[in-house]
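Engineer: Every position in the sequence shown, counted from 1, becomes a number in my numbering once 19 is added.
The beta carbon of each residue, even a glycine, is placed where N, CA and C say it ideally should be.
Shown below is the structure under consideration.
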Amino acid sequence: MDFPEFKNFVKYIQIGKVLPDSIYVHKSAIQLVPINLSEFILKIAGTLEIHDDNWNIVKFSRRDFKVTFLSYPNFDEHSYPSLKQSFTVDLQKLSVRKANYSASDNPPILHRKETFVANDYPLKALFKEITSEGEKLGLYEKTRTIGFKKNWLRLISNKGYSLDEKGRLT
């Protein structure tokens, strides 16, 4: 697959969290992206030995010939899971960059988890509730500042709340 084909297939993804430069899809919904694209990225993961237990979100770049395999080990259990590691595959340069966040005190975190999964995902309703709660408290008003753990926790604290061990607001 070349970049124009990749870009065209990415344009037709109808699931996931859509941002201006990328689309994020949970592993459970990979079968809902165009089949040529899903087969392509699964082949990439296999060829590069990025095993299934090393990722659960794939990030499709909308502007570059890149995919990133992201590992959020507590995706189902934690309201706002932290990124453990990522594998960014530059398909133009045929290179892989691994980043490890497991020891970071300020890793990237996820919001709006219901957008990453298909409608039949068992926890989608719970994910929607978590997002709705955050919206009611005004936690998503400045999305540019909430992508990392420290800023997110500071915002929650400024609103008079904290997170328990599962990331639930208290």
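Can you name, in chain order, every residue of its own chain whose Cβ lies under 8 Å from the Cβ of residue 103, other than the five neighbours on each side?
Structural biologist: 90, 91, 92, 119, 120, 121 and 126.
Engineer: Mind the definition here: the region 106-115 touches the region 148-156 only if three or more C-beta pairs lie below 8 Å; say whether that holds.
Structural biologist: no
Engineer: For residue 82, which option in 172, 161 and 22 has the closest C-alpha, if you only look at C-alpha atoms?
Structural biologist: 22
Engineer: Compare the beta carbon distance of residue 100 and residue 129 with 9 Å and say whether it is the shorter of the two.
Structural biologist: yes
Engineer: Please work out which residues of its chain come closer than 6 Å, Cβ to Cβ, to residue 186, disregarding the five sequence neighbours upstream and downstream, and give them in chain order.
Structural biologist: 97, 98 and 99
Engineer: What does a CB cutoff of less than 6 Å around residue 73 pick up in its chain, not counting 5 residues either side in sequence?
Structural biologist: Closer than 6 Å at Cβ, skipping near neighbours: 90.
Engineer: Give the DSSP-derived three-state secondary structure of residue 87 in the structure shown.
Structural biologist: Correct three-state label for residue 87: strand.
Engineer: State buried or exposed for residue 196, treating a residue as buried only when at least 16 other CB atoms are found within 10 Å of its CB.
Structural biologist: Past the boundaries of the shown model lies residue 196; the chain is included only from 20 to 189, so the question cannot be answered.
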